[in-house]
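Once you know that position 33 of the sequence shown is 1084 in my numbering, the rest is easy, because the numbers rise by one and skip nothing. Encoded as structure tokens, the structure appears first; notes follow it.
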Amino acid sequence: FLELGTIMPLPATGARSSADVYSAAVAADITLARKVHKSRLSCSLALATSEKQRADLEDAERVRWSLLFAAWVQEARLPVCAEIEATTCPEESWKRFCGSRRAKTLRGRAHAWKPVREWLVASSGHSFPRKISDLIDYLDELLQRDMPVPRTLPDSIAAAFSVLETMGCVADEDRLSEKPLWKATLD
């Protein structure tokens, strides 16, 4: 396959006319393709040659995203931290921390949560919402900007936040993602 911008060598002309050379070039099976992969995982999976290699790549990517979520949970000091640190091998427990969630799902949740986390740190000095108004203020600030907000962004943020609370073992009565005001804000 040829990449865009590649110059295809012309066949030796000999006694052929330019029209014959052109016809031969047009008749040749040339595929100009530009592969753009949305993620590092999809690029690696496209190059994988076996199912085992694909599974190993998926597992490695899942561990990568699990460790990012683990860092966020540790930073927020959620209840699961004490449980995992009490295990005999906390490093391995953190790798398995996200359970059976797929790497692509974790990636999507992480991309939704990262700007929220950064805004929380900048605006309030903590990396996890302490009250529901933290999240509502973030959404309000997004809506007040001149840039358009994707229609699915609030739901993506809500899903990421809910996953963090679930993985962090936040008690049901303390979950901000289940509060009626937050749910009403999303509607």
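Idealized CB from N, CA, C, for every residue including glycine.
Buried/exposed call for residue i, threshold 16 Cβ in 10 Å
| i | result |
| --- | --- |
| G1176 | exposed |
| L1194 | exposed |
| V1077 | exposed |
| Y1073 | exposed |
| A1121 | buried |
| A1097 | exposed |
| C1149 | buried |
| M1218 | buried |
| P1205 | buried |
| D1071 | exposed |
| R1168 | buried |
| P1180 | buried |
| V1172 | exposed |
| S1228 | buried |
| V1114 | buried |
| V1131 | buried |
Three-state secondary structure assigned by DSSP to residue i
| i | result |
| --- | --- |
| H1177 | coil |
| L1194 | helix |
| R1091 | helix |
| A1210 | helix |
| V1114 | helix |
| P1201 | coil |
| V1221 | coil |
| D1238 | coil |
| S1184 | helix |
| C1149 | coil |
Distance between beta carbons of residue j and residue i, contact taken as under 8 Å
| i | j | result |
| --- | --- | --- |
| A1163 | S1093 | Not quite, the Cβ-Cβ distance comes to about 18 Å (not below 8 Å), so this is no contact. |
| A1161 | W1116 | 6 Å |
| W1123 | L1215 | 7 Å |
| L1157 | C1220 | Not a contact, Cβ separation roughly 17 Å. |
| S1178 | A1209 | S1178 to A1209, Cβ: 18 Å. No contact. |
Nearest residue (CA-CA) to residue i, options the options
| i | options | result |
| --- | --- | --- |
| A1154 | A1075, D1110, T1217 and V1221 | D1110 |
| R1147 | L1119, L1129, V1167 and G1159 | L1119 |
| A1211 | R1152, M1198 and K1103 | R1152 |
| R1091 | E1112, E1143, I1187 and Y1189 | E1112 |
| S1184 | T1236, E1134 and E1136 | T1236 |
Residue i beta carbon near the ligand ADP (any heavy atom closer than 7 Å)
| i | result |
| --- | --- |
| W1123 | This structure lacks the ligand ADP, and indeed carries no ligand of any kind. |
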